[in-house]
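Q: Here the sequence shown stands for residues -21 to -1, 1 to 461, numbered as in mature numbering (1 follows the signal peptide of the UniProt record, and there is no 0). Note that beta-carbon positions come from the ideal geometry of N, C-alpha and C, so glycine has one too. I am attaching a structure below and will ask some questions about it afterwards.
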Amino acid sequence: MGSSWALVYAAASLLVLLSSACKDAETCLQREVTISPDFPGQVLEEPDLMQREVDLSELLHVGDLFTVQRKEDKPGPRRGRPSFQPRAFQPPQNYPVQFPLGRPMPDNIQAICVHADHRPRYPDSYFPRSGFSKQRRMATAVNNAESWFSTCCKGNQTWGTEGTLCCATQAWEQSVQLFCEEDSSVKDRLYECCRQGGMSRLSCFNDDAQNPNYNPSQELPVEEIGSSETFHFNLNNCPRIRMSPSSIRALGGEKPEINAPASPKTDINFPPGRPTAGNIESLCGNRKRRPLYTTKCLPRSGYELLARQVKTINRLEKRFKQCCKKKKGVLNCAEQKWREELNRYCSVNGRQECCQTDDQYSCFQSLSSDPLYNTTSAAEEPTLNKMCDTQIINNRFPVGFQLKTRCCPLPEQDRNSCFELNLEEMSQSLCSSNKSASPVVRRCCKTTSREEIQQCLSKNVMKAITKATKKGQKKKKICPIP
């Protein structure tokens, strides 16, 4: 029975298919149709909605597809909302940081000090409790620099604009260094400028500065934020700054914040001039008359840079001595030693301005206070009193021996008059005597007048004293600070 019903259904289906069979091949081809939503059973032919090639540029307007609503989650308590975009990192705009700061220069140092309380600071409450680590490091760098700038500006009346600029420059460089150290210590994208070194890094940060002139950007004064890091300002890195001990004492309570030496004034020709064809003669000729220096007189702290300069000068003079003894290639030898010593100096003190330039040798040459090597130490003038402290060769110059035996036992204040009186008497007796005299005495006796004889003998006595004083003695080292 069931199979008969199935047979009936199959036959009926076959009849339906046969009755709807397409007689016309053209009308049976597949074509695109649309169905009207109002009339599902009706076929609508609408050419505008047929499939066709289109230009995608007509449809793709990215700016129209996405619209971002920026939320001002919370206002900054101590600054406005300008947009800043460092080249290596674009922080979220709802917590912007004015970073980096520009390099302190002569044309902006006044603005750094005058508008200090109208530039932004970033307290801990500025950021949420979590996240924004990159911006936090930037904010810390800004807070550090601004805090140290304030310290430098407070000493402006004490050490002047040049000293303030030098102090601010050191503060800015230290803030950059600390930022790069912190930024490289975490697993985060490193700020691009930190990938560089030396002057290139500093120039990169300066180029990125959004407010290089340090103009005020806050209407109301901001609250100063101190730094947890210690800033050491070394006046020895500012060779042109001269400051008296009384001026440093005038700093009062600010002195502990700056690691300033008690007397920054130095008496040393550093950096040394570059050996050239124009100065090699005086370099070697005045070598014995140029001073050497000692570090034993320097305080224990605050003079590390000066101590390195002293050692560089002393080593270089020793090497110049070796070069000047050569018969050939003196200039090449001296210049090579000069380069080697400055390279050694920069390897220890890389923060020195010239050590960070591409052409450090030209920089050192331009800063030299004695490029021609004409400066010599003031030699102590020999006096007849020095005769009592020296051993003069008696058989070659007996005049000295006689003066010494007659006048040195006397009190010091009576010796000069004794020397003059005895020289006059001895000049007469030595020249009138028939006894054989020394060659020096014979030459003096050939002069015509009595005064000339006395002057000749006195001159040769002084030569003997000078020679005896220098014989066997090392060059005395002087202290580089007065």
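Does DSSP put Tyr272 in a helix, a strand or coil?
A: Of the three classes helix, strand and coil, the one that applies to Tyr272 here is strand, per DSSP.
Q: Buried or exposed, going by whether 16 or more other CB atoms sit within 10 Å of the CB of Asn87?
A: Buried: at least 16 other Cβ atoms inside 10 Å.
Q: Starting from the Cα of Phe212, find the closest Cα among Gly257, Glu320, Phe128 and Thr274 and give me that residue.
A: Comparing Cα positions, the closest option is Phe128.
Q: Put Arg58 into one of helix, strand or coil per three-state DSSP.
A: Note that Arg58 scores 44 on pLDDT, short of 50, meaning its location in the model is unreliable; the coordinates nonetheless yield the value given after this. Of the three classes helix, strand and coil, the one that applies to Arg58 here is coil, per DSSP.
Q: Is Cys333 buried or exposed, if buried means 16 or more other CB atoms sit within 10 Å of its CB?
A: Looking at its Cβ environment, which holds 16 or more other Cβ atoms inside 10 Å, Cys333 is buried.
Q: Take Gln339 and list the residues in its own chain whose beta-carbon comes closer than 8 Å to its own, dropping the five residues that flank it on each side.
A: Only Leu321, Cys325 and Cys333 meet the Cβ criterion.
Q: What are the start and end residues of the alpha helix (DSSP H) that includes Leu295?
A: Its alpha helix (DSSP H) spans residues Glu283 to Cys303.
Q: Closest to Arg323 by C-alpha separation, out of Lys306, Gly177, Leu295 and Ser206, would be which residue?
A: It is Leu295 whose Cα lies nearest to the Cα of Arg323.
Q: Take every Cβ of the segment 116 to 132, pair it with every Cβ of the segment 200 to 216, and state whether three or more of those distances are shorter than 8 Å.
A: Yes, since at least three Cβ pairs between the segment 116 to 132 and the segment 200 to 216 fall closer than 8 Å, the two stretches touch.
Q: Assuming Cys263 is part of the alpha helix (DSSP H), what are its boundary residues?
A: Counting along the chain, the alpha helix (DSSP H) containing Cys263 begins and ends at Ile259 to Gly264.
Q: In the structure shown, what three-state DSSP assignment does Lys166 receive?
A: DSSP places Lys166 in coil when its eight states are reduced to three.
Q: Answer with buried or exposed for Val165, where buried requires no fewer than 16 other C-beta atoms within 10 angstroms of its C-beta.
A: Val165 is exposed by the Cβ-count criterion.
Q: Going by the beta-carbon positions, is the gap between Thr355 and Arg268 smaller than 8 Å?
A: In this structure, Arg268 lies closer than 8 Å to Thr355 by Cβ.
Q: Within a Cβ cutoff of 7 Å, which residues of the same chain sit near Tyr101, ignoring the five residues on either side of it in sequence?
A: Correct list, in chain order: Val76, Ala118, Val121 and Asn122.
Q: For Ile204, does the three-state DSSP call read helix, strand or coil?
A: Coil.
Q: Given that a residue counts as buried once 16 or more other Cβ atoms are within 10 Å of its Cβ, and exposed if not, what is Val419?
A: Buried.
Q: Please report how far the alpha carbon of Gln344 lies from the alpha carbon of Leu351, in whole angstroms.
A: Each residue's alpha carbon lies about 10 Å from the other.
Q: What does the alpha-carbon distance come out to for the pair Lys300 and Thr255?
A: Computed Cα separation, rounded: 16 Å.
Q: Going by Cα to Cα distance, which pick from Thr427, Cys217 and Lys316 is closest to Leu346?
A: Here the closest residue by C-alpha is Cys217.
Q: Distance check for Thr274 and Gln288, CA to CA, integer angstroms please.
A: So the two alpha carbons sit approximately 10 Å from each other.
Q: Considering Cα atoms alone, identify which of Ser411, Glu391, Pro390 and Arg385 is closest to Asn401.
A: Out of Ser411, Glu391, Pro390 and Arg385, Arg385 has the C-alpha closest to the C-alpha of Asn401.
Q: Could you have a look at Lys383 and say whether DSSP puts it in helix, strand or coil?
A: Helix, per DSSP.
Q: If you draw a straight line from the C-alpha of Thr336 to the C-alpha of Glu152, how long is it?
A: Taking the straight line from one Cα to the other gives about 15 Å.
Q: For Asn374, I'd like the list of residues in its chain whose CB is within less than 6 Å of its CB, leaving aside the five on either flank, ordered along the chain.
A: Low local confidence applies: a pLDDT of 47 at Asn374 is under 50, so the model's placement there is unreliable, with the coordinate-based value given in what follows. Taken in chain order, the list of residues that qualify is empty.
Q: Grouping DSSP H, G and I as helix and E and B as strand, with all else coil, what is Lys307?
A: Coil.
Q: Here's the rule: buried if 16 or more other CB atoms are within 10 angstroms of the residue's CB, otherwise exposed. What is Ser163?
A: By the neighbour-count rule (16 or more Cβ atoms within 10 Å), Ser163 is not buried but exposed.
Q: Pro79: buried (16+ other C-beta within 10 angstroms of its C-beta) or exposed?
A: That one is buried.
Q: Under a Cβ-count criterion, where at least 16 other Cβ atoms within 10 Å of its own Cβ denotes burial, should Thr209 be classed as buried or exposed?
A: Under this definition Thr209 is an exposed residue.
Q: Since Pro83 and Ala147 should fall inside the 8 Å C-beta cutoff, what is the C-beta to C-beta distance between them, to a whole number of angstroms?
A: The Cβ separation is near 4 Å, so the contact holds.
Q: For the alpha helix (DSSP H) that Gln339 lies in, which residues bound it at each end?
A: Its alpha helix (DSSP H) spans residues Gln339 to Leu346.
Q: Quick one: grab the DSSP three-state call for Lys425.
A: Coil.
Q: In whole angstroms, what is the alpha-carbon distance linking Arg60 and Gly177?
A: Since pLDDT at Arg60 reaches only 41, below the 50 mark, its modelled position is unreliable, and no value is offered.
Q: Where does the unbroken alpha helix (DSSP H) through Met117 begin, and where does it stop?
A: Run containing Met117: Ser112 to Lys133, per the alpha helix (DSSP H) assignment.
Q: Could you tell me the alpha carbon to alpha carbon distance between Arg421 and Lys442, rounded to whole angstroms?
A: Distance between the alpha carbons of Arg421 and Lys442: 16 Å.
Q: So what's Ile91 in DSSP terms, helix, strand or just coil?
A: Ile91: helix per DSSP, three-state reduction.
Q: Can you check which of these residues, Glu399, Val309 and Thr427, is closest to Val440 by C-alpha distance?
A: Ranking the options by Cα distance to Val440, first place goes to Glu399.
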